[in-house]
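Sequence order for the protein chains is S and L.
Residue 127 in our numbering sits at position 127 of the first sequence; the count goes up by one each step and never skips.
Residue 1005 in our numbering sits at position 5 of the second sequence; the count goes up by one each step and never skips.
By construction, the Cβ of each residue, glycine as well, lies at the ideal position given by its N, Cα and C atoms.
Heads up: the structure comes next, in structure tokens.
Protein chains: 2
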Amino acid sequence: KISDYTVRRLSVYCHTLEELEHDGMDVVSSARLAKLAGTNPAQVRKDLSYFGNFGKRGSGYPVTDLKSRIRKILGIDHVWRVVLVGAGNLGSALFSYKDFERHGFQIVSILDTDPKKVGTKWDGIWVSSFDKCNKVVKSSGAEVAVLVTPAAVAQDAVNRLVDAGIKGILNFAPVKLEAPSHVQVRNVNITIELEGLSFSMKDLQEE
Amino acid sequence: KISDYTVRRLSVYCHTLEELEHDGMDVVSSARLAKLAGTNPAQVRKDLSYFGNFGKRGSGYPVTDLKSRIRKILGIDHVWRVVLVGAGNLGSALFSYKDFERHGFQIVSILDTDPKKVGTKWDGIWVSSFDKCNKVVKSSGAEVAVLVTPAAVAQDAVNRLVDAGIKGILNFAPVKLEAPSHVQVRNVNITIELEGLSFSMKDLQEE
Ligand SMILES: NC(=O)c1ccc[n+]([C@@H]2O[C@H](COP(=O)([O-])OP(=O)(O)OC[C@H]3O[C@@H](n4cnc5c(N)ncnc54)[C@H](O)[C@@H]3O)[C@@H](O)[C@H]2O)c1
Ligand SMILES: NC(=O)c1ccc[n+]([C@@H]2O[C@H](COP(=O)([O-])OP(=O)(O)OC[C@H]3O[C@@H](n4cnc5c(N)ncnc54)[C@H](O)[C@@H]3O)[C@@H](O)[C@H]2O)c1
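Laid out in structure tokens, this is it:
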């Protein structure tokens, strides 16, 4: 089984290759790709070896080709239709973040329980009542949910989303969620990013 | 140099140990810690070996002791004073997220340029004008900045924050930032979390 840490590196390689492609680079060495991605060349070669032969033969990786192959490995060569559950602060920020769409994630519906929000329109998409979860998920064709509700209602929301046919949930609510084995739940905690920053700042202070 | 991926695993070990401690566990095996953290026992032992001897001697790790040692390694045994730069949607969501304070990150000041926001108070903390960046950073003792401004103004904000003495920046704006070598900039991209979810969902579809 491929660990989540390996998958995260693949994402970083992919984003790095996009930037190199944007800068007009045709070929990149594993050494350069590793340095830009914060790892080492042996790790790059090992990560890629799980997925086949990316033949370097001493001349480096073709940037566009490697990017496309990693996108396929990550499953982002497919456009995932996303339902945003919770139209609050975090929901608003994620809704208007353009990078999602560039990587194959399109928000197609929004759900909330607040009567002041339900019935408003965000950039052409209605904010629907969570009561209509089943109908909205099915009619919008959503496969993935981004869950940005308060923790207290998150498990109930997950149960309703699973019943409606959602297959994957990106959860921000600070609570452990239960879901059947055929549904993938991935938890996000921004605190981990601050801890990474703390580590690198502490290093600096000690030098 | 310790890679960012290793540091991220340390964070996950730390959060896992907090949950075990909360559940009343005194000791945990490297096998169980690895499984809960999404990695393998050899990786746990290797990650910890960079930082000294965490002597398992076949009886497992003492939960509270290992947690405290990892907190010290991450530098979160110290309370980091944080200035929030940008009082918009993402800023609001991060401001009210209680998990930051539980891991040693306290938001002590808020900066924005919008006259409708400047002068308001969030939970006892004034939203100050970014024009007063230098004065506010110094008087609030902020060491770290969380940057949630539009991309177009982010580099200027970084320059002003560095002049004010900020040593670390957690950047959410989708732009590459330049900073002197004594200032740590860490970029966050939630898209990577969605890509991780995509990978695990794709796996499922192919089984
Ligand atoms: N994981 C992280 O790093 C991180 C960071 C910040 C915030 N959070 C969490 O994200 C969540 C959202 O934060 P926020 O600042 O946007 O909160 P918010 O209060 O601004 O928004 C929550 C929204 O959920 C809606 N809601 C309530 N019950 C609902 C239900 N049953 N179904 C659908 N929608 C419902 C509310 O009406 C509101 O619009 C919180 O749980 C918060 O703790 C996580
Ligand atoms: N990295 C990610 O995963 C991710 C996810 C969502 C949003 N974002 C990014 O985060 C940023 C904030 O998003 P948002 O939805 O909160 O936007 P927003 O428009 O709601 O908030 C931006 C805030 O910044 C303030 N501002 C503008 N110029 C400023 C300056 N010079 N100094 C201080 N404050 C200033 C605005 O007045 C506003 O209050 C954007 O750059 C967005 O692209 C990143």
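Using 8 Å as the threshold, is the C-beta distance between residue i and residue j below it?
{"i": "A145(S)", "j": "A1093(L)", "result": "no"}
{"i": "V127(S)", "j": "V137(S)", "result": "no"}
{"i": "D1099(L)", "j": "P150(S)", "result": "no"}
{"i": "A1154(L)", "j": "N1171(L)", "result": "yes"}
{"i": "G52(S)", "j": "V79(S)", "result": "no"}
{"i": "V7(S)", "j": "S59(S)", "result": "no"}
{"i": "I1110(L)", "j": "S198(S)", "result": "no"}
{"i": "E1195(L)", "j": "I1166(L)", "result": "no"}
{"i": "S30(S)", "j": "R45(S)", "result": "yes"}
{"i": "L33(S)", "j": "L74(S)", "result": "no"}
{"i": "E1101(L)", "j": "V188(S)", "result": "no"}
Just to make sure I have the definition right: I need the residues of chain L whose C-beta is within less than 7 Å of the C-beta of residue i. Which are they?
{"i": "V162(S)", "result": "In chain order: nothing, as chain L lies at least about 14 Å away."}
{"i": "W80(S)", "result": "S1198"}
From which residue to which residue does the beta strand (DSSP E) around residue i run?
{"i": "N1187(L)", "result": "1184-1187"}
{"i": "F1100(L)", "result": "No beta strand (DSSP E) contains F1100(L), which is instead part of the alpha helix (DSSP H) from 1099-1102."}
{"i": "V1082(L)", "result": "1080-1085"}
{"i": "A145(S)", "result": "144-147"}
{"i": "S128(S)", "result": "125-129"}
By DSSP's criteria, residue i is part of a beta bridge. Which residues make up the other side?
{"i": "D1047(L)", "result": "DSSP lists no partner for D1047(L)."}
{"i": "Q1155(L)", "result": "In DSSP, Q1155(L) forms no bridge with anything."}
{"i": "L1170(L)", "result": "V1146(L), R1186(L)"}
{"i": "P1180(L)", "result": "Partner(s): none; P1180(L) has no beta bridge."}
{"i": "V27(S)", "result": "P62(S)"}
{"i": "K1121(L)", "result": "W1126(L)"}
The alpha helix (DSSP H) spanning residue i covers which residue range?
{"i": "A1093(L)", "result": "1089-1095"}
{"i": "D1112(L)", "result": "Here D1112(L) belongs to no alpha helix (DSSP H); instead the beta strand (DSSP E) covers 1105-1112."}
{"i": "E19(S)", "result": "4-22"}
{"i": "T64(S)", "result": "63-74"}
{"i": "K1138(L)", "result": "1133-1140"}
{"i": "S30(S)", "result": "30-37"}
Mind listing the chain S neighbours of residue i? Cutoff is C-beta to C-beta under 8 Å, in chain order.
{"i": "T1192(L)", "result": "Before going on, a small fix: residue 1192(L) reads as Ile here, not Thr. Chain S residues near I1192(L): R8, S11, V12, H15."}
{"i": "I1076(L)", "result": "E195, S198"}
{"i": "Y1005(L)", "result": "Y5, R8, R9, G38, T39"}
{"i": "H1103(L)", "result": "T191, L194, E195"}
Run through chain L and tell me which residues come within less than 9 Å of residue i, C-beta to C-beta.
{"i": "H182(S)", "result": "L1204"}
{"i": "V144(S)", "result": "L1194, L1197, S1198, M1201"}
{"i": "R235(S)", "result": "With chain S covering only 1 through 207, there is no way to say anything about residue 235(S)."}
Quick one: which chain S residues come within Cβ less than 7 Å of residue i?
{"i": "S1068(L)", "result": "The contacting residues do not exist; S1068(L) stays about 14 Å from chain S at best."}
{"i": "L1170(L)", "result": "E193, L194, L197"}
{"i": "D1099(L)", "result": "P174, N189, T191"}
Quick one: is the Cβ of residue i within less than 7 Å of any heavy atom of ligand 3?
{"i": "T149(S)", "result": "Ligand 3 is not part of the structure shown, which contains ligand 1 and ligand 2 as its ligands."}
In chain L, what lies closer than 8 Å to residue i by C-beta?
{"i": "S92(S)", "result": "N1089"}
Checklist entry - When the Cβ atoms of the segment 35-45 of chain S are set against those of the segment 77-96 of chain S, are three or more pairs found closer than 8 Å? => result Contact between the segment 35-45 of chain S and the segment 77-96 of chain S is not established, with fewer than three Cβ pairs separated by less than 8 Å.
Item to check | Meets three-Cβ-pair contact criterion under 8 Å: the segment 8-28 of chain S and the segment 67-78 of chain S | outcome: Taking 8 Å as the limit for Cβ pairs, the verdict is that the segment 67-78 of chain S does touch the segment 8-28 of chain S.
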